[in-house]
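A.B. asks:
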Amino acid sequence: MIEAIASERFIPNNTEIVRDGNGIQIITGPNMGGKSTYLRQVALIVLLNQAGSFVPAASARLGIFDRIFTRVGASDQLARGESTFMVEMHETANILHNATDRSLVVLDEVGRGTATFDGLSLAWAIIEYLHDHPTRSGITLFATHYHEVTDLAKTKSRVANFNVAVKEWNDQIIFLRKVVPGAADKSYGIQVAKLAGIPSSVIDRAREILATLERKERDLVEETRGHAPSHQLSLFDSRERDVIDALRILQPEAMTPIQALNELQRLKEKLEK
Ligand SMILES: Nc1ncnc2c1ncn2[C@@H]1O[C@H](COP(=O)(O)OP(=O)(O)O)[C@@H](O)[C@H]1O
Ligand SMILES: [Mg+2]
Numbered sequence: 545m546i547e548a549i550a551s552e553r554f555i556p557n558n559t560e561i562v563r564d565g566n567g568i569q570i571i572t573g574p575n576m577g578g579k580s581t582y583l584r585q586v587a588l589i590v591l592l593n594q595a596g597s598f599v600p601a602a603s604a605r606l607g608i609f610d611r612i613f614t615r616v617g618a619s620d621q622l623a624r625g626e627s628t629f630m631v632e633m634h635e636t637a638n639i640l641h642n643a644t645d646r647s648l649v650v651l652d653e654v655g656r657g658t659a660t661f662d663g664l665s666l667a668w669a670i671i672e673y674l675h676d677h678p679t680r681s682g683i684t685l686f687a688t689h690y691h692e693v694t695d696l697a698k699t700k701s702r703v704a705n706f707n708v709a710v711k712e713w714n715d716q717i718i719f720l721r722k723v724v725p726g727a728a729d730k731s732y733g734i735q736v737a738k739l740a741g742i743p744s745s746v747i748d749r750a751r752e753i754l755a756t757l758e759r760k761e762r763d764l765v766e767e768t769r770g771h772a773p774s775h776q777l778s779l780f781d782s783r784e785r786d787v788i789d790a791l792r793i794l795q796p797e798a799m800t801p802i803q804a805l806n807e808l809q810r811l812k813e814k815l816e817k
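If you count the sequence shown from 1, position 196 lands on 740 in this note's numbering, and the numbers rise without skipping.
1) For Ser774, count the other beta carbons within 10 Å of its own beta carbon; 16 or more makes it buried, fewer makes it exposed. Which is it?
2) What's the gap between the Cα of Ser745 and the Cα of Phe629?
3) Could you please give the first and the last residue of the uninterrupted beta strand (DSSP E) stretch that includes Val703?
4) Helix, strand or coil for Arg810, going by three-state DSSP, please let me know.
5) Confirm, please, whether the CB-CB distance from Ile568 to Ile639 is below 8 Å.
6) Looking only at C-alpha atoms, which of Ile570, Glu712 and Leu591 sits nearest to Val703?
7) Using a threshold of 7 Å, is the CB atom of Ala550 nearer than that to any non-hydrogen atom of ligand 2?
8) Which whole-angstrom value describes the C-beta separation of Ile612 and Leu648, a residue pair presumed to lie in contact below a C-beta threshold of 8 Å?
9) Output the residue ranges of the beta strand (DSSP E) runs that lie fully inside the region 578 to 621 and measure 3 residues or longer, sorted by chain position.
10) Let's test the definition: count the other Cβ atoms within 10 Å of the Cβ of Ser778 and tell me whether it reaches 16, buried, or not, exposed.
11) Does the count of Cβ pairs from the region 690 to 697 and the region 546 to 559 closer than 8 Å reach three?
12) If I measure Cβ to Cβ from Arg553 and keep anything under 6 Å in the same chain, skipping five residues before and after, which residues do I get?
13) Give the straight-line distance between the Cα atoms of Glu807 and Leu764, rounded to the nearest whole angstrom.
14) Compute every distance between the C-beta of Asn593 and the non-hydrogen atoms of ligand 1, then say whether any falls below 7 Å.
15) Relative to the alpha-carbon of Asp607, which residue among His677, Val616 and Leu592 has its alpha-carbon at the smallest distance?
16) Where does Arg785 fall in DSSP's three states?
17) Can you tell which of Leu583, Asn566 and Ala550 has its C-alpha closest to the C-alpha of Thr688?
18) Heavy atom of ligand 1 less than 7 Å from the Cβ of Gly607, yes or no?
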């Protein structure tokens, strides 16, 4: 299908999944890397096999599944009054309630429809549930761009990490479309955006913000280890920063109520100037 649609040569990938060995596979890698395609490839081969068909593979050895559960793509049902995220959660809920240890579960970017930390937390908890639940632990493929969830492989024996390989070259990224063992180390969002034609000034600004956020995260880590942070997040303009600095040194306990009120008024005016 990809060769017909994208006129790209299809790059085949091997799959070896043994339920009790590496039955939950987390596939990480950048957008456009080939995660969804890999998931669909596995699900389609299982489906074709069970329908008694030939399968598109040099060789295949497959077990019998009782059902294929999928949560892929985002065909919005806004007309029915459900947001994309609600649809995503409904479908995932159905899977978590009904999958068995003989099911194939294919989850593509579950959690993407909400804020990063929410989404990541949901993805994490869903994988844990599928792993730990005695009767829901079938074979699971979970594609995600939250590479943090790959840490689960350290503590969950049946979780294995795979990633779609990319090559970085002169700040560009080249997709290799090969699924290889191990976790992806970065998400390459900015490189993919650049590839898609986002204006270079936006790309440069995004890089700047990313660097600031990463520094902020490092500082937080250092701070909790007892070091002073060396940089400040400069997402605020200088006026807002002045107000924040003023708040920081303010000593409410040393002020009379009327002083506090005046100071509050002064800071508010400063912001509105
Ligand atoms: N194995 C493959 N061989 C060739 N092209 C591929 C392969 N996998 C993906 N692609 C191409 O890359 C595009 C993005 O793949 P997709 O699976 O949607 O990536 P992801 O889910 O990681 O964002 C596809 O539309 C297809 O054109
Ligand atoms: Mg995808």
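A virtual CB, placed ideally from N, CA and C, is assigned to each residue, including glycine.
C.D. replies: With the structure as the only source:
1) Here residue 774 corresponds to residue number 230 of the sequence shown, with the count starting at 1. Below a pLDDT of 50, predicted positions are generally treated as unreliable, and Ser774, at 45, falls in that range; the measurement from the model is reported next regardless. Around the beta-carbon of Ser774, fewer than 16 other beta-carbon atoms lie within 10 Å, marking it exposed.
2) The count along the sequence shown starts at 1 and reaches residue 745 at position 201. The count along the sequence shown starts at 1 and reaches residue 629 at position 85. Taking the straight line from one Cα to the other gives about 31 Å.
3) The sequence position of residue 703 within the sequence shown is 159, counting from 1. Val703 to Trp713 is the extent of the beta strand (DSSP E) around Val703.
4) By one-based count along the sequence shown, residue 810 stands at place 266. Of the three classes helix, strand and coil, the one that applies to Arg810 here is helix, per DSSP.
5) Numbered from 1 along the sequence shown, position 95 holds the residue referred to as residue 639. Numbered from 1 along the sequence shown, position 24 holds the residue referred to as residue 568. No.
6) Taking the sequence shown and counting its residues from 1, one reaches residue 703 at position 159. Taking only the C-alpha atoms, the option nearest Val703 is Ile570.
7) For the purposes of this step, residue 550 is taken as the residue at position 6 of the sequence shown. Not so, every heavy atom of ligand 2 lies at least 7 Å from the Cβ.
8) Numbered from 1 along the sequence shown, position 68 holds the residue referred to as residue 612. Numbered from 1 along the sequence shown, position 104 holds the residue referred to as residue 648. Ile612 to Leu648, Cβ: 5 Å. Contact.
9) 612 to 615
10) Numbered from 1 along the sequence shown, position 234 holds the residue referred to as residue 778. Confidence at Ser778 is low in this model, with a pLDDT of 48, below 50, so the placement of that residue should be treated as unreliable; the coordinate-derived value is given next. The residue in question, Ser778, is exposed, as its Cβ has fewer than 16 Cβ neighbours within 10 Å.
11) With a cut-off of 8 Å, the region 546 to 559 and the region 690 to 697 do not count as touching, because too few Cβ pairs lie within range.
12) Start at 1 with the first residue of the sequence shown, and residue 553 comes out as number 9. Contacts found: none.
13) Residue 807 sits at position 263 when you count from the first residue of the sequence shown. Residue 764 sits at position 220 when you count from the first residue of the sequence shown. Cα to Cα, Glu807 sits roughly 30 Å from Leu764.
14) Along the sequence shown, read from residue 1 onward, the residue named residue 593 stands at position 49. For ligand 1, not one heavy atom lies less than 7 Å from the Cβ of Asn593.
15) In the sequence shown, counting from the first residue as 1, residue 607 sits at position 63. In the sequence on display, residue 607 carries Gly and not Asp. It is Leu592 whose Cα lies nearest to the Cα of Gly607.
16) Within the sequence shown, the letter at position 241 stands for residue 785. Helix.
17) Here residue 688 is taken as the residue at index 144 of the sequence shown, counted from 1. Nearest neighbour of Thr688 by Cα position, chosen from Leu583, Asn566 and Ala550, turns out to be Leu583.
18) Sequence index remark: in the sequence shown, residue 607 carries index 63 (1-based). Every heavy atom of ligand 1 is 7 Å or more from the Cβ of Gly607, so no.
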